[in-house]
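Keeping their order, the protein sequence lines are chains A and B. Counting from -16, one number per residue, gives the positions in the first sequence under the working numbering. Counting from -16, one number per residue, gives the positions in the second sequence under the working numbering. Cβ atoms here follow ideal geometry from the backbone N, Cα and C, with glycine treated the same way.
Number of protein chains: 2
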Amino acid sequence: MILTFTPNPAWDVTYEVDRLVAGTTHRVHTVYARAGGKGINVSRILAKRGIPTMAVFPVGRAVGRLLTDDLSAAAIDHDPVEIGGATRMTVTIVERSQADRPPLEAGRCSPLRDDVTNVFAEPGPALTTDEWSALIDRVDRHLARTSVLVCSGSFPPDVDKSGQTRSAPARLVEMSKASGHLVLLDTSGPGLLAAAEAGASVLKPNAQELREVVGLDDLCSGAQALCSAGAGAVVVSAGEDGLIAVTAAGEAWCARPPFRVDGNPTGAGDAVVAALAYGLSTGASWPEQLTLAVAWSAAAVAAPVAGEVDPDVLATVAGQVSIVPI
Amino acid sequence: MILTFTPNPAWDVTYEVDRLVAGTTHRVHTVYARAGGKGINVSRILAKRGIPTMAVFPVGRAVGRLLTDDLSAAAIDHDPVEIGGATRMTVTIVERSQADRPPLEAGRCSPLRDDVTNVFAEPGPALTTDEWSALIDRVDRHLARTSVLVCSGSFPPDVDKSGQTRSAPARLVEMSKASGHLVLLDTSGPGLLAAAEAGASVLKPNAQELREVVGLDDLCSGAQALCSAGAGAVVVSAGEDGLIAVTAAGEAWCARPPFRVDGNPTGAGDAVVAALAYGLSTGASWPEQLTLAVAWSAAAVAAPVAGEVDPDVLATVAGQVSIVPI
């Protein structure tokens, strides 16, 4: 079972409007609303493909109930921890005319454009020390039947009962390793480096997140720096350039899709994480894992909202991923 | 008691961001979320001033629960009708830097700017014939202890049990008049004209809504046309130009605030309606009603969200409203 932990989940609302005109009222022609947050998106992708998963996250107040109701309706196993603060919302405004939407054509190339997506993200509630402890305990309780732990998103400071503050990602890595489990993290900032130093199995920063933390422009060198710090492997998502993967054993690959897919890039990184977690759980080789990750990511861009993959794009891309050792 | 009827309520979310940059992710620094829709905003303004009110509206699914929970918490009397469809949300994005917000200074003038507000409005659920009948029955049930009925917003077609389609605003006007009650409508399109023809006590279109329906550019002539059609009085909200009021008895006034107030104009019209409904319920003279309406409207612009009035602006404006017979 793949356990996902989402410290700051959200009720994700996506609005499609014909055109965004500043200072006016817009009729929303298409609405998507669902439980979101990076780890929950990972669980959704896995559950839809029949892969056992469990989502742990905090929920608070009325918006929190929207998340649990939605996950129950979608038959995605979840074990939320009640908190006092209100679960946040995010709103994504996509400019896409109803007439405009092209039929999905496998293999189509330029001229393509990404939809213009405008994301408005609430910061989310603060967690008390007791709430954070309850979340860590809940993750720990599920570890015994877990193959891979996925920790995704932004983390609050990890304040323990004695008042000591540590890196939350580092604590989660240490907890997983102590019980012999693989742990995959998709986070940014100081937590990314702390997770590497704690010996995370796999880290999945995007290009910008990696550059911010290691201060190196070259993605391969940056990934190697995190491996040198202690990570087992680093997979960098670089948008339409695909993925760069580097392992502590000194292997490195560049994995690319056969063509660019246009659509909503929100959630493409979550699809990469879902594929890597699944690959890790089945003991797949790195080239096999990366093939899956590129195909799921491309298929996520073609789907209208995070947590979904387009089956036609998935089928087309899966057989044509380029994996090149570097 | 002032009864409000809101056929298409919403969970109104307002986000303040520093600056809207197309195609990027925005950190929302201030979040407001509350039960909304024009009639509910009217009830909120009245209830906050201790004026007895009751809000009737349809509610559906999880978002519907957010509305009823919020109104209960705010101690606003409401009697919702359960429907099968999901209550909609609206999202308003206001560009306003946290540092930017000026302290409220009474009497300040230009250079002022309105906040740039971008509204994203979901269309809302369709109502079945039975649901619409249940709503009308619910309004009817409260009429006995009502002084003024306020009907605000967009209306679905009024399909009766024999399958006949009529104007919903006209039906509400006829129902109120048959039981001897005053009825005030804030709606647009064909319903505005139908409400006039049915003999509405007061209509409150804005300048654009009036021009669209009567096809006359001059607001005074347009308001007179609706009075000629059958309305008892027409009060036109014309933004910073204030209000134009015309009665079937041939009286007419222009009512203006002493200075322009900057802020969020969403909900200013609801404040006008709340003041007029209160004035009607107390038998106030037209100049008294219009003074109240201008002051509440200005104070609503200064408040960050619809359904609120800024007490400092209210106190300052109330004594300085200009009422000129025309």
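Next item on the list: State the beta-bridge partners of Val39 of chain B as determined by DSSP.
Entry: Counting from one through the second sequence, the residue named residue 39 of chain B turns up at place 56. Answer is B:Phe(-12), bridged to Val39 of chain B.
Notebook entry, point to check: Hey, is Pro(-8) of chain A's beta-carbon within less than 8 angstroms of any beta-carbon in chain B?
Noted result: Looking up residue -8 of chain A in the first sequence gives position 9. At least 8 angstroms separates the CB of Pro(-8) of chain A from every CB of chain B.
Item checked: Chain-ordered neighbours of His9 of chain B on chain A, where CB pairs are closer than 8 angstroms -> Along the second sequence, read from residue 1 onward, the residue named residue 9 of chain B stands at position 26. Per Cβ cutoff of 8 angstroms: Asn101, Val102, Phe103, Ala104.
Note to self: If we define contact as Cβ-Cβ less than 8 angstroms, is Arg48 of chain B a contact residue for chain A?
What the structure shows: Locating residue 48 of chain B in the second sequence gives position 65, where the first residue counts as 1. So, interface residue.
Next item on the list: To the nearest angstrom, report how far apart Pro140 of chain B and Gly174 of chain B are at their CA atoms.
Entry: Position 157 of the second sequence, counting from 1, holds the residue named residue 140 of chain B. Position 191 of the second sequence, counting from 1, holds the residue named residue 174 of chain B. Cα to Cα, Pro140 of chain B sits roughly 10 angstroms from Gly174 of chain B.
Checklist line | Nearest-angstrom Cα separation, counted from Ser211 of chain A out to Thr13 of chain A | finding: Position 30 of the first sequence, counting from 1, holds the residue named residue 13 of chain A. Position 228 of the first sequence, counting from 1, holds the residue named residue 211 of chain A. Using only the alpha carbons, I get a separation of about 47 angstroms.
Notebook entry, point to check: By the 10 Å Cβ neighbour count, where 16 or more other Cβ atoms means buried, how is Arg84 of chain A classified, buried or exposed?
Noted result: Walking along the first sequence from the start, residue 84 of chain A turns up at place 101. Its pLDDT being 49, under 50, Arg84 of chain A is placed unreliably by the model, and nothing is read from it.
Notebook entry, point to check: Taking the alpha carbon of Thr170 of chain A as the point to measure from, which residue in A:Pro35, A:Ser137, A:Ala190, A:Val185 has its own alpha carbon closest?
Noted result: Translated into the one-based positions of the first sequence, residue 170 of chain A becomes position 187. The candidate whose alpha carbon is nearest that of Thr170 of chain A is A:Ser137.
Notebook entry, point to check: What residues of chain B sit near Ile76 of chain A, judged by a beta carbon separation below 9 angstroms?
Noted result: Indexing the first sequence from 1 puts residue 76 of chain A at position 93. Chain B residues near Ile76 of chain A: Val74, Ile76, Asn101, Phe103.
Notebook entry, point to check: Is it buried or exposed for Thr(-13) of chain B, if we count other Cβ within 10 angstroms and need 16 for buried?
Noted result: As a working mapping, residue -13 of chain B is identified with position 4 in the second sequence. Buried, since its Cβ has 16 or more Cβ neighbours within 10 Å.
Check: Can you list, in chain order, the stretches of the beta strand (DSSP E) that have 3 or more residues and sit fully within the stretch 195 to 250 of chain B?
Finding: Contiguous beta strand (DSSP E) elements confined to the stretch 195 to 250 of chain B occur at 216 to 220, 226 to 230, 235 to 239, taking only those with 3 or more residues.
Check: Within the chosen definition, does the stretch 279 to 287 of chain A reach the stretch 14 to 29 of chain B through at least 3 CB pairs nearer than 8 angstroms?
Finding: Look at the beta carbons and you see the stretch 279 to 287 of chain A not touching the stretch 14 to 29 of chain B: under three pairs across the two are nearer than 8 angstroms.
Margin query: Just verifying my parser: in three-state terms, what is the DSSP assignment at Val304 of chain B?
Written below: Taking the second sequence and counting its residues from 1, the one referred to as residue 304 of chain B is at position 321. DSSP, read as helix, strand or coil, puts Val304 of chain B in coil.
Checklist line | Start-end ranges of the beta strand (DSSP E) lying completely within the stretch 104 to 155 of chain B, minimum 3 residues | finding: Counting only unbroken stretches of 3 or more residues, the beta strand (DSSP E) elements lying wholly within the stretch 104 to 155 of chain B are 131 to 135, in sequence order.
Notebook entry, point to check: So, helix, strand or coil for Arg79 of chain B, using DSSP?
Noted result: Locating residue 79 of chain B in the second sequence gives position 96, counting from the first residue. Collapsing the DSSP output to three states places Arg79 of chain B in coil.
Check: For the beta strand (DSSP E) that contains Thr(-3) of chain A, what are its first and last residues?
Finding: Here residue -3 of chain A corresponds to residue number 14 of the first sequence, with the count starting at 1. That run of the beta strand (DSSP E) goes -7 to 0.
Notebook entry, point to check: What separation, rounded to the nearest whole angstrom, lies between the Cα atoms of Ser305 of chain A and Glu195 of chain A?
Noted result: As a working note, residue 305 of chain A is residue 322 in the first sequence. As a working note, residue 195 of chain A is residue 212 in the first sequence. Taking the straight line from one Cα to the other gives about 28 angstroms.
Check: Under a Cβ-count criterion, where at least 16 other Cβ atoms within 10 Å of its own Cβ denotes burial, should Pro188 of chain B be classed as buried or exposed?
Finding: Working through the second sequence from its first residue, we reach residue 188 of chain B at position 205. When all chains shown are included, Pro188 of chain B counts as buried.
Item checked: Exposed unless 16 or more other CB atoms sit within 10 angstroms - verdict on Gly233 of chain B -> The residue labelled residue 233 of chain B in the question sits at position 250 within the second sequence. Burial call: exposed.
Notebook entry, point to check: Hey, how far is the Cα of Val255 of chain B from the Cα of Thr(-11) of chain A?
Noted result: By 1-based counting over the second sequence, the position of residue 255 of chain B is 272. By 1-based counting over the first sequence, the position of residue -11 of chain A is 6. C-alpha separation (whole angstroms): 45 angstroms.
Check: Is the Cβ of Gly6 of chain A closer than 8 angstroms to any Cβ of chain B?
Finding: By 1-based counting over the first sequence, the position of residue 6 of chain A is 23. Look at Gly6 of chain A: its C-beta is under 8 angstroms from a C-beta on chain B.
Item checked: Partner residues on chain A for Ala45 of chain B, Cβ-Cβ distance less than 7 angstroms -> By 1-based counting over the second sequence, the position of residue 45 of chain B is 62. The contacting residues are Arg48, Leu49, Asp52.
Margin query: If you measure between the beta carbons of Ala190 of chain A and Pro152 of chain A, is that distance less than 8 angstroms?
Written below: For this step, residue 190 of chain A is matched to residue 207 along the first sequence. For this step, residue 152 of chain A is matched to residue 169 along the first sequence. At least 8 angstroms separates the beta-carbon of Ala190 of chain A from that of Pro152 of chain A.
Next item on the list: Could you tell me which residues DSSP puts in a beta bridge with Met72 of chain A?
Entry: Position 89 of the first sequence, counted from the first residue, corresponds to residue 72 of chain A. Answer is A:Trp(-6).
Next item on the list: Taking only beta-carbon positions, decide if Val25 of chain A is within less than 8 angstroms of chain B.
Entry: In the first sequence, residue 25 of chain A corresponds to position 42, counting from 1. When Cβ-Cβ separations below 8 angstroms define contact, Val25 of chain A makes no contact with chain B.
Notebook entry, point to check: CB Thr8 of chain B to CB Thr75 of chain B, shorter than 8 angstroms?
Noted result: The residue labelled residue 8 of chain B in the question sits at position 25 within the second sequence. The residue labelled residue 75 of chain B in the question sits at position 92 within the second sequence. No. Outside cutoff.
Notebook entry, point to check: Within 10 angstroms of its Cβ, does Gln207 of chain B collect 16 or more other Cβ (buried), or is it exposed?
Noted result: For this step, residue 207 of chain B is matched to residue 224 along the second sequence. Taking all protein chains shown into account, Gln207 of chain B has 16 or more neighbouring C-beta atoms within 10 Å of its C-beta and is therefore buried.
Item checked: Exposed unless 16 or more other CB atoms sit within 10 angstroms - verdict on Gly22 of chain B -> On the second sequence, residue 22 of chain B is found 39 positions in, with the first residue counted as 1. Label assigned to Gly22 of chain B: buried.
Margin query: Helix, strand or coil, according to DSSP, for Val64 of chain B in the structure here?
Written below: In the second sequence, counting from the first residue as 1, residue 64 of chain B sits at position 81. It is a strand residue.
Notebook entry, point to check: Which first and last residues belong to the beta strand (DSSP E) in which Thr8 of chain B is found?
Noted result: Against the second sequence, residue 8 of chain B aligns to sequence position 25. First-last of the beta strand (DSSP E) with Thr8 of chain B: 8 to 10.
Margin query: With three or more C-beta pairs closer than 8 angstroms as the rule, is the stretch 111 to 128 of chain B touching the stretch 63 to 72 of chain B?
Written below: Verdict: yes, contact present.
Note to self: Assuming contact is defined by CB atoms lying nearer than 8 angstroms, are Gly19 of chain B and Asp52 of chain B in contact in what I supplied?
What the structure shows: The residue labelled residue 19 of chain B in the question sits at position 36 within the second sequence. The residue labelled residue 52 of chain B in the question sits at position 69 within the second sequence. Asp52 of chain B is positioned such that its CB atom lies no closer than 8 angstroms to that of Gly19 of chain B.
Next item on the list: Would you mind reading off the limits of the beta strand (DSSP E) that contains Asp169 of chain A?
Entry: Reading the first sequence from its first residue, position 186 is the one you call residue 169 of chain A. First-last of the beta strand (DSSP E) with Asp169 of chain A: 165 to 169.
Notebook entry, point to check: Which two residues bound the contiguous alpha helix (DSSP H) that contains Ala18 of chain A?
Noted result: Counting from 1 along the first sequence, the entry for residue 18 of chain A is found at position 35. Judged by DSSP secondary structure, Ala18 of chain A falls outside any alpha helix (DSSP H) and instead within the beta strand (DSSP E) spanning 13 to 19.
Next item on the list: Count the CB pairs spanning the stretch 231 to 245 of chain B and the stretch 267 to 275 of chain B that are closer than 8 angstroms, and state whether there are at least three.
Entry: Using a Cβ-Cβ distance cut-off of 8 angstroms, the stretch 231 to 245 of chain B and the stretch 267 to 275 of chain B are in contact, since at least three pairs of beta carbons, one from each stretch, lie closer than that value.
Item checked: Minimum Cβ-Cβ distance from Val42 of chain B to chain A less than 8 angstroms -> What you label residue 42 of chain B is simply residue 59 of the second sequence in a count that begins at 1. Cβ-Cβ to chain A under 8 angstroms: no for Val42 of chain B.
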